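Peer 1:
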Amino acid sequence: NDSMRINPATCDSSSLRQRFYMNDLGEIRVKSHPGLCLDPRYGMSTYYNGNVMITCFSDLYGVSHQYARYHYFTLHPSTEQLKSVIYPGYCIDYEFNLGYVWMHGCHDGQNQQFYFEGNFDDTVEDSWTLIKQGDLPWISEFDRNPLGVAVSSTYENGDENLYHMEVKFYDNTMPYQEYQIRFPELRNPDSLQLQFSEIELPGLLLDEGEYIPLIPSNPTHQPTSSPTCSGSELFLTVDLTTDRYPDETSYILTNTCTNAVVTSVSQGSLSASTTYSNTYCVPPAAFSFVMNDSFGDGLCCNYGYGSFSVTYGTSTVVSSEAFTTSQETTSFGSC
15 NDSMRINPAT CDSSSLRQRF YMNDLGEIRV KSHPGLCLDP RYGMSTYYNG NVMITCFSDL
75 YGVSHQYARY HYFTLHPSTE QLKSVIYPGY CIDYEFNLGY VWMHGCHDGQ NQQFYFEGNF
135 DDTVEDSWTL IKQGDLPWIS EFDRNPLGVA VSSTYENGDE NLYHMEVKFY DNTMPYQEYQ
195 IRFPELRNPD SLQLQFSEIE LPGLLLDEGE YIPLIPSNPT HQPTSSPTCS GSELFLTVDL
255 TTDRYPDETS YILTNTCTNA VVTSVSQGSL SASTTYSNTY CVPPAAFSFV MNDSFGDGLC
315 CNYGYGSFSV TYGTSTVVSS EAFTTSQETT SFGSC
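Structure follows, in structure tokens:
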């Protein structure tokens, strides 16, 4: 699958597609596609000639399954090489002629030496997004459950005799593949064990490829502008609902008879999961409306259910609820 193959590109710190990290297992994952891991088998193949990101075997079969080892790598700081665990003696290699990242026998060439801006090790604290923190006081200096009595506590009906803390995800606007719970201090600082009754993360089990946003289903609505048109002018309304990555979205509306820009929205000026509706007075003419998404995945549907429409006079000239590419152009009217 060429779309999941790793291709070199100009460095862009804002691009999630360039934010790779290695977890404790040695899997190489990427922030833009949660649940995908670098698979070296494709880079070993003369047919594919390039490493590909596929569904992580540790998620499918479990971390102890033999298949999971296909996705394990080790990073050697002294040589700056990424070595495969399942294919001893093979390293990730940039093939200049092919323009792809693949697997090759380890050597001391520069095309096997990689360095990273920021944290490649995603286990360090600075690379995690803090969702909630707080103090959880200890109940007693004695054994909490000396008789081994079963604890009856659920998300809906918590045991009042236990201290607990609830983490709310309402303000979280991004799905995460991995979560980390850290306890910087223990009741006994010398203890090598930490016991829990239960950690519960209520959620939804989704089929492969399906995604339901973690944000409220009803987007925020911005005030609608309603000008008063005169003479032969017509109303032209642009309605836009953003996804959870509004910084990727922009559009431009042009009068192609005069090449004058009627209105435009630049990247970085919109809010996530928000509906905008703007109406303009325009003369009868020919127009071009261009919707852009810099990441290339459009407004729907992996990262929210965005959409857009344009109404010219009394006619809806474009209504798109399945914009999934980098650009969509609509022409309408006449000079």
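The working numbering puts the first residue of the sequence shown at 15, with every later residue one more than the last. Every residue, glycine too, gets a C-beta built ideally from N, C-alpha and C. Only a predicted model underlies this, so the values are computations on that prediction, with no experimental measurement involved.
#1: Please classify Thr272: is it buried, with 16 or more other beta-carbons within 10 angstroms of its beta-carbon, or exposed?
#2: Work out the CA separation of Gln126 and Cys25 for me, nearest whole Å.
#3: Name, in chain order, the residues that DSSP records as bridge partners for Ala4.
#4: What is the DSSP secondary structure of Tyr35, counted as helix, strand or coil?
#5: Would the beta-carbon of Asn125 be found less than 7 Å away from any heavy atom of the ligand HEM?
#6: Within 10 angstroms of its Cβ, does Arg33 collect 16 or more other Cβ (buried), or is it exposed?
#7: Please report how far the alpha carbon of Tyr319 lies from the alpha carbon of Phe110, in whole angstroms.
#8: Per DSSP, what kind of secondary structure is Phe71 in: helix, strand or coil?
#9: Cα-Cα, which of Asp107, Leu30 and Asn306 is closest to Tyr56?
#10: Buried or exposed: where does Pro360 fall if 16 or more other Cβ atoms within 10 Å of its Cβ makes it buried?
#11: On the DSSP bridge list, what partners appear for Tyr294?
#12: Pull up the distance between the alpha-carbon of Pro241 and that of Cys314, whole angstroms please.
#13: My guess is that Arg11 and Ala286 are in contact by the Cβ rule of under 8 Å, so how many angstroms apart are they, rounded?
#14: Of the residues Leu39, Leu112, Gly123 and Gly113, which one's Cα is nearest the Cα of Gln80?
#15: Could you pull the start and end residues of the alpha helix (DSSP H) that Gly350 belongs to?
#16: Whole angstroms is fine: what's the gap from Gln281's alpha carbon to Ile100's?
#17: Please state if the CB of Thr69 and the CB of Leu89 are separated by a distance shorter than 8 Å.
#18: Of all Cβ atoms in chain B, is any one closer than 8 Å to the Cβ of Glu41?
#19: I think Ser302 touches Ser345, with their Cβ atoms under 8 Å apart; what is that distance to the nearest whole Å?
#20: Please name the residue, chosen from Met305, Ser92, Thr93 and Pro298, that lies closest to Gly245 on a Cα-to-Cα basis.
#21: Should Thr293 and Thr255 be called a contact, given that it needs their Cβ atoms to be closer than 8 Å?
#22: So what's Arg196 in DSSP terms, helix, strand or just coil?
#23: In terms of alpha-carbon separation, which member of Ser333, Tyr317, Thr343 and Phe337 lies closest to Leu30?
Peer 2: By the coordinates alone:
#1: That one is exposed.
#2: So the two alpha carbons sit approximately 18 Å from each other.
#3: In the structure as shown, the chain starts at 15 and stops at 349, and residue 4 therefore has no counterpart that could be examined.
#4: Residue state, collapsed to three classes: strand.
#5: The model depicted lacks the ligand HEM and carries no ligand whatsoever.
#6: So Arg33 counts as buried.
#7: Going by the C-alpha atoms only, they are around 39 Å apart.
#8: Assigned with DSSP and collapsed to three states, Phe71 falls in helix.
#9: Tyr56 has its Cα closest to that of Asp107, out of Asp107, Leu30 and Asn306.
#10: Residue 360 lies beyond the residue range present for the chain, which begins at 15 and ends at 349; the question has no answer from this structure.
#11: Paired residue(s): Leu250.
#12: Approximately 30 Å between the Cα atoms of the pair.
#13: In the structure as shown, the chain begins at 15 and stops at 349. Residue 11 is therefore absent and cannot be evaluated.
#14: Answer by Cα proximity: Leu39.
#15: The shown model of the chain, from 15 to 349, leaves out residue 350, and the question about it has no answer.
#16: Here the alpha carbons of Ile100 and Gln281 stand approximately 43 Å from one another.
#17: No; because the gap between Cβ atoms is not below 8 Å, this pair is not in contact.
#18: In summary, chain B is missing from the structure at hand, where a single protein chain is found.
#19: 5 Å between Cβ atoms; contact.
#20: Closest option to Gly245, Cα to Cα, is Pro298.
#21: No; because the gap between Cβ atoms is not below 8 Å, this pair is not in contact.
#22: Three-state DSSP puts Arg196 in coil, outside helix and strand.
#23: Nearest option by C-alpha distance: Tyr317.
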